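In what follows, a structure is listed as structure tokens, so that the remarks can point back to it.
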Amino acid sequence: MKPYPKAKKIDQVETRFGIEIEDPYRWMEKEDDEDLRPWLDAQKELTQSFLEEVPERESIRKRLRELYNYPKYNTFTVVGNKIVYGYNDGLQNQYVYYIQEGIEGKPEVLIDPNLLSEDGTVAITLNDHSKDNRYLAYLQSEAGSDWGVLKVLDLQERKTMSDELRWVKFPMAAWYQDGFFYSAYDAPEPGKELSAKNENAKVYYHRLGEPQSQDRLVYSDPCHPLRYHTAYVSEDERHIILISSEGTYGCEVRVKTTDPVDQTFRLLFPGFEHDYDYIGSEGNTLFFRTDHNALNKKIVSVDATTLQIRDMIPEAKDPLEGAWKIGTRIVTRYLIDVASRVFIHDLSGRLEREVRTPGLGSVYLFDGDKGMDRILFSYSSFIIPTGIYTVNLSTGETEPFKESTVPFDRSRFVTEQIFCKSKDGTLVPVFITRGVDGAGERPRPTLLYAYGGFNISLTPEFNPSVIYWLEQGGLYAYANLRGGGEYGEQWHKSGMLLNKQNVFDDFIAVAEHLIERRYTSSRQLAIQGGSNGGLLMGAVTNQRPDLFAAVIAQVGVMDMLRYHRFTVGWGWVPEYGSPDEEEHFHNLRAYSPLHNIEKKDYPAVLVMTADHDDRVVPAHSFKYLATLQEKNTSDRPILLRLDQKAGHGMGKPIEKIIEENVDKFAFIASQIPPKRDRR
Numbered sequence: 002m003k004p005y006p007k008a009k010k011i012d013q014v015e016t017r018f019g020i021e022i023e024d025p026y027r028w029m030e031k032e033d034d035e036d037l038r039p040w041l042d043a044q045k046e047l048t049q050s051f052l053e054e055v056p057e058r059e060s061i062r063k064r065l066r067e068l069y070n071y072p073k074y075n076t077f078t079v080v081g082n083k084i085v086y087g088y089n090d091g092l093q094n095q096y097v098y099y100i101q102e103g104i105e106g107k108p109e110v111l112i113d114p115n116l117l118s119e120d121g122t123v124a125i126t127l128n129d130h131s132k133d134n135r136y137l138a139y140l141q142s143e144a145g146s147d148w149g150v151l152k153v154l155d156l157q158e159r160k161t162m163s164d165e166l167r168w169v170k171f172p173m174a175a176w177y178q179d180g181f182f183y184s185a186y187d188a189p190e191p192g193k194e195l196s197a198k199n200e201n202a203k204v205y206y207h208r209l210g211e212p213q214s215q216d217r218l219v220y221s222d223p224c225h226p227l228r229y230h231t232a233y234v235s236e237d238e239r240h241i242i243l244i245s246s247e248g249t250y251g252c253e254v255r256v257k258t259t260d261p262v263d264q265t266f267r268l269l270f271p272g273f274e275h276d277y278d279y280i281g282s283e284g285n286t287l288f289f290r291t292d293h294n295a296l297n298k299k300i301v302s303v304d305a306t307t308l309q310i311r312d313m314i315p316e317a318k319d320p321l322e323g324a325w326k327i328g329t330r331i332v333t334r335y336l337i338d339v340a341s342r343v344f345i346h347d348l349s350g351r352l353e354r355e356v357r358t359p360g361l362g363s364v365y366l367f368d369g370d371k372g373m374d375r376i377l378f379s380y381s382s383f384i385i386p387t388g389i390y391t392v393n394l395s396t397g398e399t400e401p402f403k404e405s406t407v408p409f410d411r412s413r414f415v416t417e418q419i420f421c422k423s424k425d426g427t428l429v430p431v432f433i434t435r436g437v438d439g440a441g442e443r444p445r446p447t448l449l450y451a452y453g454g455f456n457i458s459l460t461p462e463f464n465p466s467v468i469y470w471l472e473q474g475g476l477y478a479y480a481n482l483r484g485g486g487e488y489g490e491q492w493h494k495s496g497m498l499l500n501k502q503n504v505f506d507d508f509i510a511v512a513e514h515l516i517e518r519r520y521t522s523s524r525q526l527a528i529q530g531g532s533n534g535g536l537l538m539g540a541v542t543n544q545r546p547d548l549f550a551a552v553i554a555q556v557g558v559m560d561m562l563r564y565h566r567f568t569v570g571w572g573w574v575p576e577y578g579s580p581d582e583e584e585h586f587h588n589l590r591a592y593s594p595l596h597n598i599e600k601k602d603y604p605a606v607l608v609m610t611a612d613h614d615d616r617v618v619p620a621h622s623f624k625y626l627a628t629l630q631e632k633n634t635s636d637r638p639i640l641l642r643l644d645q646k647a648g649h650g651m652g653k654p655i656e657k658i659i660e661e662n663v664d665k666f667a668f669i670a671s672q673i674p675p676k677r678d679r680r
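Numbered per the working numbering, the sequence shown spans residues 2 to 680.
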């Protein structure tokens, strides 16, 4: 392999809490630095030349294109008696959104994002609809950025209206009368749109047909610039619910009437010690899912006038992962050993029945309308692509509404669940998916995926690239580490803040278990994680480089001492801790991937990021890569894959997804030769 491109080093040293922190590659944080582009171009040339030499690369591309080329569905929403859903006939870069009348109606194209750009990098995300069911808001984003433009579809006329609301991130359109409430930021400084810290979110009211400059400011909190605010409107349009958060965990909730004379929000749930998710209303009653005095979460009802709170659906022994208020019912989704089980309740909280889901898998979304006797939900598993199903509210029976047909035989693969003992004795669940053919062959090439953070549960989901890996005789392991939400808030808390090392210990224990039980060997084990999972990859590679043959670190948070200084990074302080507080500084420094690279042998590492990632800015990956290339003493490759016109992953075109997986599997194949093609 060619030598690594030499990176400029600067004399950058900070003393923090009595410790000197060297940061010779800080200049890479400046996206317009004149030395950055030549260095990135040289890295790109090096990576391409390496991957082009992998003999399996073209066969990987051919099979992945075949596996991704199937009719598929993604999200949906019910708007009165209409159903809007995303459909892709195979290799379209973006899902096309269709609309139809009821379950039996004829689908018509509503909006096709593929017509909005030649390269498929303009994406659409559905938002909420107006109370009269005529209008549907959606977010249009470009090149994978979290920034988007909030737009509106007229479902009656089947056209996009002229409204365009800019400088929004993660917005919710809360419809009221002839407009909606939404959150937005001030325009960032030109040239720093993708890296500047996002501060001072505000809530506005937009009236349809008027320019954004005319929008009325409803709420701001300049004394607390690092808070994000989301507004909701009760179904009877009598109350506004305002949820303010300082990060990814914990929020305050305020309520006020929609009467223009009433300018005062009353504090309903104070402090930021607990989560509250608004799930709907009925008359004067508001419903929330919360972990207040309920680590597995419960549902409470609130009288919007008196603010009296009542437990409605109490905490159970398994975590309440989701809840939806649909018509006169509450639908709940529980996780039981990381598999979804779904129940229907009346509005008093009384259990009516369980929903019979298609099998061991994940239920993502429920939606319906008051007049429907059947509501819809989406479901997938490791070998079943996302489909849309209906459930009869009277019987709990389910039927397919929109299903995918896949270009492989599902019966050739099987999933089992095992439990691995972590360093402190905690049992960590892991899903193992493998081919039925050659089941007794051990050890075998294995791809281990994990995340471990932010109360996010890794439940079974379909990915065509996993099928490719299984066809090559590989084993796919999907680990549910602490820090996630798989066993409730206690599981989450056990892997956050000062307990973050538990996440790395869990992952290392899973890897050791797979090797000791001869599922695989250290020479055959590849690992992968993205975002917080990219941080996981960097940390475990530093701590146990001997366990892994290949590492895929995607869009990782690698500099734990400066993560809070960019875009929405401040929102992760409740999860990681603040580097500006001494106790948390020492904890973060102890595992920060960038700051714990040593001169020693490392496995092969492919660092993957994107030029428009404005959630985890690519400087994290650049600084980590330069340091690892400098200090690695093995002859195994340390390479960068920088995607163009892409971001953290949102709205990525199919072509980019395929090419990303081609390079990932080519890199793994260069270190772990496949056993054989088992198709």
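Virtual Cβ for every residue (Gly too), placed ideally from N, Cα, C.
All values derive from a computational prediction rather than experimental measurement.
Within the region 568 to 609, there are no complete beta strand (DSSP E) runs of at least 3 residues. Counting along the chain, Tyr277 sits inside the beta strand (DSSP E) bounded by residues 277 to 283. Taking a 10 Å sphere around the C-beta of Leu218, we find fewer than 16 other C-beta atoms and assign the residue as exposed. Of all alpha-carbon atoms in Ser466, Val511, Leu498, the one lying nearest the alpha-carbon of Pro430 is that of Val511.
The three-state reading of DSSP puts Val254 in strand, counting E and B together. DSSP places Met538 within a helical segment (H, G or I) once states are collapsed to three. For Gly436, the beta-bridge partners assigned by DSSP are Phe414. Residue pairing from DSSP places Ile337 in a beta bridge opposite Ala340. The continuous alpha helix (DSSP H) containing Val663 extends over residues 655 to 672. Between Leu52 and Ala667 the beta-carbon gap is near 5 Å, inside 8 Å, which marks them as a contact. In this structure, DSSP gives Ser214 a helical state, which the three-state scheme calls helix. When secondary structure is reduced to three states using DSSP, Val618 falls in the coil class, being assigned neither helix nor strand.
Look at Ala124 here: in three-state DSSP terms it is strand. About 26 Å separates the CB atoms of His514 and Val558; that is not less than 8 Å, and the two are not in contact.
As DSSP reads the structure, Ser379 sits in a beta bridge with Leu366, Ile389. Per DSSP, Arg38 is not a residue of any beta strand (DSSP E); the alpha helix (DSSP H) it occupies stretches across 37 to 53.
For a cut-off of 8 Å, the C-beta gap from Thr161 to Glu143 is around 16 Å, too long to register as a contact. Residue pairing of His130 in beta bridges, as defined by DSSP: Leu137. With respect to the C-alpha of Arg375, the residue from Thr387, Arg354, Glu398 having the closest C-alpha is Glu398. Contact between the region 178 to 188 and the region 644 to 656 is not established, with fewer than three Cβ pairs separated by less than 8 Å. Pairwise C-beta distances place the region 13 to 33 in contact with the region 582 to 599, as three or more of them are shorter than 8 Å.
Each of Lys257, Phe266, Asp292 was checked against the Cα of Phe273, and the nearest Cα belongs to Asp292. Taking C-alpha positions only, Ser382 is separated from Gly360 by approximately 8 Å. Between the alpha carbons of Val332 and Glu32 lies a distance of about 46 Å.
Beta-carbon to beta-carbon, Gly485 and Leu459 are separated by about 6 Å, close enough to satisfy the 8 Å threshold. When DSSP reads this structure, Ala185 sits in a beta bridge with Lys203. Looking only at Val574, Thr358, Thr387, the smallest Cα-Cα distance to Leu498 is reached by Val574. Within the same chain, and ignoring the five residues on either side of Asn662 in sequence, the residues whose Cβ sits closer than 7 Å to its Cβ are Leu65, Ser466. With fewer than 16 other beta carbons inside 10 angstroms of its own, His225 counts as exposed.
Taking a cut-off of 8 Å for Cβ pairs, the region 469 to 477 and the region 297 to 306 do not touch, as fewer than three such pairs fall below it. Counting along the chain, the unbroken beta strand (DSSP E) around Leu352 starts and ends at 352 to 356.
Ile516 carries a helical assignment under DSSP once its states are collapsed to helix, strand and coil. Distances from the CA of Met561 to each of Leu537, Ile553, Arg545 were compared; the closest alpha carbon is that of Leu537. Around the beta-carbon of Gln555, 16 or more other beta-carbon atoms lie within 10 Å, marking it buried.
For Ile104, there is no enclosing beta strand (DSSP E), as DSSP marks it with neither H nor E.
Between the region 301 to 321 and the region 393 to 408 there are fewer than three C-beta pairs closer than 8 Å, too few to call the two in contact.
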